[in-house]
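Take a look at the structure below.
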């Protein structure tokens with residue numbers, strides 16, 4: 012496989028950070044019990060992570076080409092490695108927000124560098140899209156693995172010992188990245204021209220605005236479903252909390268499977284055709300589930316074999332929406348000058364974060380004022396809008412001459 016070393020390194024980087032970023036819920040419960048902090052204080056850990064990702068992406072994304080993609084990834088991995096050792100060694104609440112502030116800032120370095128590196132090693136747009144889907148598939152695998160590792164360590168030892176395992180993984184990622192060769196000469200020659208204004212200059216492009224809307228809508232769909240699926244299963248299908256939480260693992264698993272598959276077929280199928288089919292599938296699943304249920308609670312779950320089929324079907328929406336995000340990101344990145352791909356990734360991070368927060372909030376407001384069943388009609392709106400926006404998005408990106416400077 013061409014570029015095997017750097018690809019393996021990028022996969023491992025994303026896998027490790029997925030574990031850290033997607034176990035906040037587990038950690039919140041543990042700090043409440045161990046350190047006797049309030050729910051509000053514990054809940055702020057999510058903000059330490061998300062805000063640091065957004066702010067650091069905005070501040071440094073455009074300067075990463077000057078510093079170097081490889082160096083940036085090494086710094087991010089080293090910072091997280093040290094933070095993991097600290098939280099495993101010092102049993103106090105204050106190290107937990109420190110960990111997530113460091114993790115968020117480091118992930119900004121990692122994501123910008125990883126996405127930009129894909130542009131260096133991909134030979135064309137189809138290979139770029141294929142690799143992006145596989146990369147994001149590994150991220151989902153990490154999301155699934157994290158809670159399993161924490162669960163094992165909580166039962167076997169104590170939850171903070173999990174970070175010794177993560178420290179070992181980051182050390183392996185650090186060593187692999189250090190000894191992997193990455194040719195950045197194509198961006199170093201023009202890196203001096205990049206600064207924070209580069210991000211704003213990209214916003215002059217109509218295609219970038221269309222992408223921002225598409226990314227915002229996609230993450231709104233994914234996060235609104237991910238956040239509220241357990242509540243839907245509990246209130247509509249009357250599943251107990253344990254089953255509702257356990258079933259949620261099917262959702263990211265289906266996203267991971269679909270992205271790995273997209274990594275294969277995206278080299279052969281025109282991207283817009285596959286995305287429209289996938290969006291249609293997600294739309295139909297939600298319609299089928301909602302039309303065949305109502306706001307009245309269904310029959311109670313009495314054993315493991317009586318999990319409603321419609322509950323499982325709804326979780327499979329992840330399979331149909333999974334490849335959309337890495338694909339639309341790949342399209343705009345592959346049409347952006349290599350030296351500006353870090354700035355573009357900064358915009359990706361910002362609009363993705365805004366979409367995720369908005370989706371969860373809207374579903375929460377609707378479920379509070381009506382019902383969670385009624386609230387689940389909402390994702391149909393961004394699904395429809397995203398499907399419609401893909402047509403002008405394709406036209407706008409097709410009109411961009413790849414790697415053509417402003």
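Residue numbers (our numbering): 12 to 417.
From the three backbone atoms N, C-alpha and C, an ideal C-beta is built for every residue, glycine too.
Straight-line Cα distance separating residue j from residue i
{"i": "residue 92", "j": "residue 178", "result": "5 Å"}
{"i": "residue 187", "j": "residue 16", "result": "8 Å"}
{"i": "residue 110", "j": "residue 183", "result": "19 Å"}
{"i": "residue 265", "j": "residue 251", "result": "22 Å"}
{"i": "residue 283", "j": "residue 338", "result": "9 Å"}
{"i": "residue 376", "j": "residue 216", "result": "34 Å"}
{"i": "residue 156", "j": "residue 268", "result": "14 Å"}
{"i": "residue 5", "j": "residue 243", "result": "Beyond the ends of the chain as shown, which are 12 and 417, falls residue 5; an answer cannot be given."}
{"i": "residue 370", "j": "residue 159", "result": "27 Å"}
{"i": "residue 274", "j": "residue 365", "result": "27 Å"}
{"i": "residue 79", "j": "residue 350", "result": "11 Å"}
{"i": "residue 333", "j": "residue 272", "result": "10 Å"}
{"i": "residue 21", "j": "residue 232", "result": "26 Å"}
{"i": "residue 129", "j": "residue 396", "result": "29 Å"}
{"i": "residue 385", "j": "residue 391", "result": "11 Å"}
{"i": "residue 394", "j": "residue 380", "result": "22 Å"}
{"i": "residue 290", "j": "residue 331", "result": "6 Å"}
{"i": "residue 52", "j": "residue 58", "result": "10 Å"}
{"i": "residue 145", "j": "residue 278", "result": "12 Å"}
{"i": "residue 341", "j": "residue 127", "result": "10 Å"}
Cβ neighbour criterion (16 or more within 10 Å) applied to residue i
{"i": "residue 362", "result": "buried"}
{"i": "residue 142", "result": "buried"}
{"i": "residue 320", "result": "exposed"}
{"i": "residue 125", "result": "buried"}
{"i": "residue 105", "result": "exposed"}
{"i": "residue 302", "result": "exposed"}
{"i": "residue 139", "result": "buried"}
{"i": "residue 389", "result": "buried"}
{"i": "residue 359", "result": "buried"}
{"i": "residue 270", "result": "buried"}
{"i": "residue 295", "result": "exposed"}
{"i": "residue 404", "result": "buried"}
{"i": "residue 26", "result": "buried"}
{"i": "residue 305", "result": "exposed"}
{"i": "residue 214", "result": "exposed"}
{"i": "residue 336", "result": "buried"}
{"i": "residue 72", "result": "buried"}
{"i": "residue 54", "result": "exposed"}
{"i": "residue 101", "result": "exposed"}
{"i": "residue 410", "result": "exposed"}
{"i": "residue 169", "result": "exposed"}
{"i": "residue 123", "result": "buried"}
Neighbourhood of residue i by C-beta, 6 Å cutoff - its chain only, sequence neighbours within 5 removed
{"i": "residue 367", "result": "230 and 234"}
{"i": "residue 399", "result": "none"}
{"i": "residue 115", "result": "60, 63 and 64"}
{"i": "residue 88", "result": "181, 184 and 185"}
{"i": "residue 136", "result": "345"}
{"i": "residue 407", "result": "217, 218 and 221"}
{"i": "residue 150", "result": "25 and 29"}
{"i": "residue 246", "result": "383"}
{"i": "residue 347", "result": "355"}
{"i": "residue 292", "result": "331"}
Sequence-distant residues of its chain with Cβ nearer than 8 Å to residue i (five each side left out)
{"i": "residue 299", "result": "321 and 324"}
{"i": "residue 189", "result": "85"}
{"i": "residue 176", "result": "160 and 164"}
{"i": "residue 402", "result": "283"}
{"i": "residue 378", "result": "239, 242, 385 and 386"}
Close Cβ partners of residue i (< 7 Å) along its chain, the five nearest in sequence each way excluded
{"i": "residue 14", "result": "132"}
{"i": "residue 56", "result": "35, 38, 39, 107, 108 and 111"}
{"i": "residue 224", "result": "400"}
{"i": "residue 69", "result": "357 and 361"}
{"i": "residue 98", "result": "106, 107, 110, 171 and 174"}
{"i": "residue 152", "result": "26 and 267"}
{"i": "residue 424", "result": "Shown here, the chain extends from 12 to 417; a query on residue 424 therefore has no answer."}
{"i": "residue 46", "result": "104"}
{"i": "residue 121", "result": "24, 28, 84 and 87"}
{"i": "residue 237", "result": "262"}
{"i": "residue 286", "result": "335, 338 and 401"}
{"i": "residue 90", "result": "113 and 117"}
Integer Cβ distance of residue i from residue j, believed to fall under 8 Å
{"i": "residue 196", "j": "residue 354", "result": "About 19 Å; that fails the 8 Å criterion."}
{"i": "residue 193", "j": "residue 118", "result": "About 19 Å; that fails the 8 Å criterion."}
{"i": "residue 154", "j": "residue 263", "result": "5 Å"}
{"i": "residue 328", "j": "residue 297", "result": "7 Å"}
Contact with chain D by residue i, beta-carbon distance below 8 Å
{"i": "residue 361", "result": "As a matter of chain content, chain D is missing from the structure shown, which is built from one protein chain."}
Contact test: residue i Cβ vs the ligand SAM heavy atom, cutoff 7 Å
{"i": "residue 271", "result": "Looking at this structure, you won't find the ligand SAM or any other ligand, since it has none at all."}
- Message: Ignoring anything shorter than 4 residues, give me the alpha helix (DSSP H) runs that lie fully in the stretch 247 to 278, in order along the chain.
- Response: 252 to 258 and 261 to 276
- Message: Runs of 4 residues minimum, wholly inside the stretch 42 to 91: which ones carry the alpha helix (DSSP H) assignment?
- Response: 50 to 71 and 75 to 78
- Residue ranges of each alpha helix (DSSP H) within the stretch 77 to 159, 4 or longer: 80 to 100 and 106 to 132
- Message: Please give me, in chain order, every unbroken run of the alpha helix (DSSP H) with length at least 4 that falls completely inside the stretch 331 to 401.
- Response: 335 to 345, 352 to 380 and 383 to 386
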